[in-house]
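Going down the list, the sequences are from chains A and B.
Our numbering puts the first residue of the first sequence at 1160, with every later residue one more than the last.
Our numbering puts the first residue of the second sequence at 161, with every later residue one more than the last.
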Amino acid sequence: MNIKEYISSGIIESYVLGLASNEERAEFEQLSSMHAELRQAREAFEISLEQHALDNAVNPPVALKQKIWNDIDWRATGAATTVGQPIQQPLTPVRSMSFAKFLAAASVILLAGSTLLNFYFYNQYKSTSTQLQDLIAQNQQMASNNIIMQTKLQQYEKSFVIFSDTNMYVVAMKGQPVAPQSITTVYWNRQTKDVYLLINDLQQPVSGKQYQLWAIVDGVPVDAGMLDMSLVGGLVKMKNIPKAQAFAITLENAGGSKTPTMPIYVMGKT
Amino acid sequence: MSLKARDQHSFSYLYDNYAGALYSIVLQVVPDKELASDVLQEVFVNIWRKIESYDPSKGRLFTWMLNVARNLAIDMVRSKAYQNSQKNQGMPESAFFDKAGSTTQQSVDNIGLKKVVGKLKTEHRVLIDLAYFKGYTHEEIAEIENLPLGTVKTRIRSALIQLRDYLK
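As structure tokens, then:
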């Protein structure tokens, strides 16, 4: 909008004399707050109007001032007396003033509302943040579970390769009188002489004890390796045994012994 | 502002300085001097009561008081009691604007803004009289004068621009 054109459009006179519509008044007040030029032009017209009115003053009856003074409740506050007083038509500046007050009130309400919203969003943020932490922890748990699964799967795949090797000789080892329910199996590769042990069923050893596999070679027990009970369910690679007539397992002190301590838990002949 | 502090002394100063100017405005709407002084009394009581609602950023104090006075005067002219009293006196509503005019009309036409408005072309003067001194809306004037609303608005604006130049 061209402010010079606006100033000379007659809107100033219309506004000051109270002839502008509500929309025109609102627009004028908004533009006045932005353009000093417009405020100056309004002020100039107001002054000329005021001067003209003062020059054309008509003295009211002398007694009127005293009548008014008697009529006014000097103690009453403006706001208190105005409420409930049917004061004719709303006056132009009064109306725009209450609009300004309304706006001020509205902005306070908006501020309060935004504070509430901030509080709400902050709580949302906190709870979302906690949820995120939980999800990260869960994700890490899943990842480590996945690693365990992958490892086990690799073990089973290896086991499967071993099982399906046609050179593999299977020695079933049966439970002896001290542990009749126990079963283990030795897979012995005739070509490479590698020995793998499958624990089918074997009681967990008491703490400080460990199972040890022996190869019986020409009547003499030869150490074939210690059992890792954490690998139950998979094939455990033991020591390479070139020749043996039987395999047996005894319970030894953790770390193993040079010669087996009786009794034998499981045994199988080749 | 001392007036807002309910300073009787300030209010007395205000009355002494502006009562005459405001009385003149009221007289231009309510030509009867006795009724006009009743309106003026109401004007000052209202100024006292409502001074808190005056916003200096929206205009000068006199402009605000002028509008209080004009509005109360128009309310008086529009009141049933006033309309009835005018009928009883056998005075047509447009009396103080008739060319032939009575003595009351003569004196009123020669004071304040009315004098300035008198310099306008008839088509402008009639509209300013209806809008400013009788308080009709542009829509009401369009109906009264049987003119398109746009024409009423344009004529009033152009009349106001001329008034501004006359007041300078």
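Glycine included, C-beta positions come from ideal geometry on N, C-alpha and C.
Exercise for the section: Give the DSSP bridge partners of P1380(A), in chain order. Expected result: Beta-bridge analysis with DSSP links P1380(A) to I1375(A).
Exercise for the section: On a CA-only basis, which of L1190(A), N1181(A), D1230(A), Q1369(A) is nearest Q201(B)? Give me that one, please. Expected result: Per the Cα distances, D1230(A).
Practice task
Would you mind reading off the limits of the alpha helix (DSSP H) that contains T1344(A)?
Solution key: Unbroken run through T1344(A) is the beta strand (DSSP E), 1342-1348; no alpha helix (DSSP H).
Problem - Cβ contact check for the segment 1414-1427 of chain A and the segment 1182-1193 of chain A: 3 or more pairs under 8 Å - result: The segment 1414-1427 of chain A is not in contact with the segment 1182-1193 of chain A.
Exercise for the section: Would you give the residue range spanned by the alpha helix (DSSP H) that I1358(A) belongs to? Expected result: Boundaries for I1358(A): no alpha helix (DSSP H) harbours it, while the beta strand (DSSP E) harbouring it runs 1354-1360, taken from the DSSP string.
Handout entry: N1412(A) - containing alpha helix (DSSP H), residue span
Key = Secondary structure note for N1412(A): it is in no alpha helix (DSSP H), and the uninterrupted beta strand (DSSP E) holding it is 1405-1412.
Practice task
Determine whether the Cβ of Y242(B) lies closer than 8 Å to any Cβ atom of chain A.
Solution key: The beta carbon of Y242(B) does not come within 8 Å of any beta carbon belonging to chain A, so the residue lies off that interface.
Exercise for the section: Using a Cβ-Cβ cut-off of less than 7 Å, give me the residues of the segment 1212-1226 of chain A that come near chain B, in sequence order. Expected result: Of all residues in the segment 1212-1226 of chain A, A1212, L1213, N1215, A1216, V1217, N1218, P1219, P1220, L1223, K1224, K1226 have a Cβ within less than 7 Å of some Cβ in chain B.
Practice task
Kindly indicate if chain B contains any beta-carbon less than 8 Å away from that of D1230(A).
Solution key: Any Cβ of chain B closer than 8 Å to the Cβ of D1230(A) would place that residue at the interface, and such an atom is present.
Exercise for the section: Determine the direct distance from the alpha carbon of N1161(A) to that of S1168(A), and round the result to whole angstroms. Expected result: For S1168(A) and N1161(A), the distance between alpha carbons rounds to 11 Å.
Exercise for the section: Assuming L232(B) contacts V199(B) (C-beta within less than 8 Å), just tell me the rounded distance between them. Expected result: Rounded, the Cβ-Cβ distance is 5 Å, consistent with contact.
Handout entry: Sufficient close CB pairs (3 or more, under 8 Å) joining the segment 209-219 of chain B to the segment 302-311 of chain B
Key = Flag = no, the segment 209-219 of chain B and the segment 302-311 of chain B do not touch.
Practice task
Could you give the DSSP three-state label for K1396(A): helix, strand or coil?
Solution key: Here DSSP, grouped into helix, strand and coil, assigns K1396(A) to strand.
Practice task
Could you check if K1368(A) is buried or exposed, using at least 16 other CB atoms within 10 Å of its CB as the buried criterion?
Solution key: Exposed, because fewer than 16 other Cβ atoms sit within 10 Å of the Cβ of K1368(A).
Exercise for the section: Mind checking the segment 202-218 of chain B against chain A and listing, in chain order, the residues whose C-beta falls within less than 7 Å of any C-beta there? Expected result: Residues passing the 7 Å Cβ filter: F204, V205, N206, W208, R209, K210, I211, E212, S213, Y214, D215, K218.
Practice task
Apply the 10 Å Cβ neighbour rule to N1412(A) and answer buried if 16 or more other Cβ atoms are within range, or exposed otherwise.
Solution key: With fewer than 16 other Cβ atoms within 10 Å, it is exposed.
Practice task
Return helix, strand or coil for G278(B), following the three-state DSSP convention.
Solution key: Collapsing the DSSP output to three states places G278(B) in coil.
Practice task
Determine, using beta carbons only, whether L1176(A) comes closer than 8 Å to chain B.
Solution key: Yes - at least one Cβ of chain B is within 8 Å of the one on L1176(A).
Handout entry: Cutoff 8 Å: E1172(A) Cβ touching any chain B Cβ
Key = Yes, because at least one Cβ of chain B sits closer than 8 Å to the Cβ of E1172(A).
Practice task
With DSSP as the reference, label I1423(A) as helix, strand or coil.
Solution key: When secondary structure is reduced to three states using DSSP, I1423(A) falls in the strand class.
Handout entry: CA-to-CA distance, I1171(A) to E1164(A), given in whole angstroms
Key = Approximately 11 Å, taken between the alpha carbons.
Problem - Boundaries of the alpha helix (DSSP H) in which K294(B) is found, first to last residue - result: For K294(B), there is no enclosing alpha helix (DSSP H), as DSSP marks it with neither H nor E.
Problem - Endpoints, beta strand (DSSP E) assigned at G1334(A) - result: Here the beta strand (DSSP E) through G1334(A) covers 1327-1334.
Exercise for the section: Just grab the DSSP bridge partners of Q1199(A) for me. Expected result: Q1199(A) is not bridged to any residue.
Practice task
Please confirm if the segment 1383-1401 of chain A is in contact with the segment 1353-1369 of chain A, defined as three or more CB-CB distances below 8 Å between the two stretches.
Solution key: Between the segment 1383-1401 of chain A and the segment 1353-1369 of chain A, the count of Cβ pairs shorter than 8 Å is three or higher; the stretches touch.
Handout entry: Of the listed residues L287(B), Q322(B), H169(B), L195(B), nearest to P1219(A) (C-alpha basis)
Key = Ranking L287(B), Q322(B), H169(B), L195(B) by Cα distance to P1219(A) puts L195(B) first.
Practice task
Starting from Y1370(A), follow its DSSP beta bridges and name the residues at the other end.
Solution key: Answer is L1410(A), bridged to Y1370(A).
Exercise for the section: Can you say whether R209(B) is buried or exposed, counting buried as having 16 or more other CB atoms within 10 angstroms of its CB? Expected result: Of the residues assessed, R209(B) falls on the buried side of the cut-off, its CB having 16 or more other CB atoms within 10 angstroms.
Practice task
Whole angstroms is fine: what's the gap from P1422(A)'s alpha carbon to Y1328(A)'s?
Solution key: Whole-angstrom Cα-Cα distance: 26 Å.
Problem - Cβ pair count under 8 Å reaching 3, the segment 1396-1415 of chain A against the segment 1347-1355 of chain A - result: With a cut-off of 8 Å on Cβ pairs, the segment 1396-1415 of chain A is in contact with the segment 1347-1355 of chain A, counting three or more such pairs.
Handout entry: Start and end residues, alpha helix (DSSP H) containing L1386(A)
Key = Taken as a continuous stretch (DSSP letters only), L1386(A) belongs to no alpha helix (DSSP H), as it is neither H nor E.
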